[in-house]
Amino acid sequence: MSKVIVISGIAQGMGREVSLMLAAQGHIICGFDIEKKYLDSLSSELTKLNAKFHLEQLSITETEKIIKFKDTVLKKFGNVDTVVSNVGIGFFGPFEEVDLNKALQCFDINVIGCARLLQSFLPSMRIAKKGKLIVMSSLVGQVPFPFESIYSATKFAIEGMVSSLRYEVTPFGIQVAMIQPAQVSTNFAAKAQKLPEKNSPYYDRCVRFINRDNDLIRTATNPIQAAEKIVKVIVSNKPKLFNQVDFMSTFFLGLNRFLPQKIKDKILLNHMNINV
1 MSKVIVISGI AQGMGREVSL MLAAQGHIIC GFDIEKKYLD SLSSELTKLN AKFHLEQLSI
61 TETEKIIKFK DTVLKKFGNV DTVVSNVGIG FFGPFEEVDL NKALQCFDIN VIGCARLLQS
121 FLPSMRIAKK GKLIVMSSLV GQVPFPFESI YSATKFAIEG MVSSLRYEVT PFGIQVAMIQ
181 PAQVSTNFAA KAQKLPEKNS PYYDRCVRFI NRDNDLIRTA TNPIQAAEKI VKVIVSNKPK
241 LFNQVDFMST FFLGLNRFLP QKIKDKILLN HMNINV
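For the sequence shown, full-length UniProt numbering gives the first residue as 1, with consecutive numbering after it.
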């Protein structure tokens, strides 16, 4: 049965692959992104699939435009079955040297942006007494990585927010799930990676961290493989709250549950090649 599925950050990476897979299954795809050229090419691909869809160019920070987007989607298709919060940006750097104004922007996009999207569509789902909220989290939402303090904080915040709202919306027939990738072979990390000045006391370890991270990304799960697992969560009748899409996230989250802190620290520092 065809479902109406909304995806933020739909134009590239996993969002794009997920939308194409769902469209191929006959679902109606609605979404937005800030990148017009990628939206246009996605529109062409969806058209070739004979899919029903609605795409708009807008930012996750634009509350009024998101509300108008919601109104348009509901008017056009009558209801929304699933909302996938996929927008997010990375943030890299030693905490001591973090530009807090830029950190605030990261929180606005990663956390409040997610809240804007979910709040917009929740009323219609509550009235219909059905729906799914799928939120893109991360391994670092439970296992914080060094030099990713701000990014980790946004993902910890997302996991807290979504775990909390789940209790509130479950009585209305709304299901909630989170996706927790570690590395996926995209340019997501590269956009955030910026070395500190060479005279920074953190410079050497940041270089080693980035080099190791890039090595891991080259052999990581690709967007299509990740999207296949995300689609399974989206179409599941009873999705789990926490869902991994790659071995690394499953491995580290497993260690996080059972090992003492000292051992976890040693494994993580060795894994990222940043022991002192």
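Backbone N, C-alpha and C fix where the C-beta goes; we use that ideal spot for every residue, glycine too.
Following the DSSP letters along the chain, one finds Ile134 inside the beta strand (DSSP E) bounded by residues 131-136. Secondary structure of Met178 (DSSP, three-state): strand. For His54, the pairing in a beta bridge is given by DSSP as Cys30. Looking from the CA of Leu241, the closest CA among Lys264, Asn273, Gln175, Pro201 belongs to Gln175. DSSP lists no beta-bridge partner residue for Val245. For Ile10, no beta strand (DSSP E) run applies, since DSSP gives it neither H nor E. Assignment of Ile109 by DSSP, reduced to helix, strand and coil, places it in the helix class. By alpha-carbon distance to Met21, the top candidate from Leu55, Ile230, Ile112, Ala157 is Ile230. As for any alpha helix (DSSP H) of minimum length 4 sitting wholly inside the segment 134-163, there is none. Around the C-beta of Arg218, fewer than 16 other C-beta atoms lie within 10 Å, and the residue is accordingly described as exposed. Under the 8 Å Cβ criterion, the segment 72-88 counts as touching the segment 123-136, having at least three qualifying pairs. Here Ser85 is bridged, per DSSP, to Val135. Ranked by how close their Cα comes to the Cα of Leu195, the residues Phe147, Thr221, Ile179 have Phe147 in first place. Spatial neighbours of Glu97 in its own chain (CB-CB distance under 8 Å, excluding positions within 5 residues in sequence) are listed in chain order as Pro196, Ser200, Tyr202. Burial check for Ile263: the Cβ neighbour count within 10 Å stays below 16, so the residue is exposed. Ile150 is a Cβ neighbour of Phe91, given a cutoff of 7 Å.
Inter-segment contact for the segment 96-116 and the segment 41-51 is absent: fewer than three beta-carbon pairs are separated by less than 8 Å. The beta carbons of Ile28 and Ser8 sit no closer together than 7 Å. When rounded, the separation of the alpha-carbon atoms in Phe53 and Val184 is 26 Å. When secondary structure is reduced to three states using DSSP, Val80 falls in the coil class, being assigned neither helix nor strand. Residue pairing for Val207: DSSP places it in no beta bridge. Excluding the 5 residues flanking it on each side, Pro144 has same chain C-beta neighbours closer than 7 Å at Ser152, in chain order. Proximity to Phe156 across Ser59, Gln142, Ser164 peaks at Gln142, based on C-alpha coordinates.
Excluding sequence positions up to five before and after Pro171, its CB lies less than 7 Å from no other CB in the same chain. Listed as beta-bridge partners of Thr221 by DSSP are Val184.
By the criterion of a C-beta distance shorter than 8 Å, Leu49 is surrounded in its chain by Leu20, Ala23, Ala24, once the five residues flanking it on both sides are discounted.
Between Asn86 and Val233, the alpha-carbon positions lie close to 14 Å from each other. Nearest to Val169 by C-alpha distance, out of Val111, Lys129, Asp204, is Lys129. The beta carbon of Val140 lies closer than 7 Å to those of Glu148, Tyr151, Ser152, Lys155 in the same chain, with the five residues before and after it left out.
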